[in-house]
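See below for the structure under consideration.
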Amino acid sequence: MTSDKLSMYKQKREGGTRENGAAVVEENETSVASGRSMQAITSGKGKKPKPFMANDGAVDADAV
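Just so you know, numbering that gives the first Met the number 0 puts the end of the sequence shown at 63, numbered straight through with nothing missing.
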């Protein structure tokens, strides 16, 4: 690994979720795809997520 790549890796790791993952989850309690709470997603309620990873756009309300 070159020194530039190693430096970028260290910066990413230091500011990443490895050390503060729980805090990141607590601060971001809604889905990026649907805007629903995690509780609504697990119960399959609310609007469907926007298909940002599916090619055909067909997803269920309880899709992750």
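No residue lacks a Cβ here, since even glycine has one placed at the ideal position from N, Cα and C.
Judged by their CB atoms, residue 40 and residue 59 are not nearer to each other than the 8 Å cut-off. Excluding five sequence positions before and after residue 36, the CB atoms of its chain that fall closer than 7 Å to its own CB belong to 28, 29, given in chain order. Boundaries of the alpha helix (DSSP H) around residue 41: 37-42. Residues of the same chain with a CB within less than 6 Å of the CB of residue 19, apart from the 5 flanking positions on each side, do not exist.
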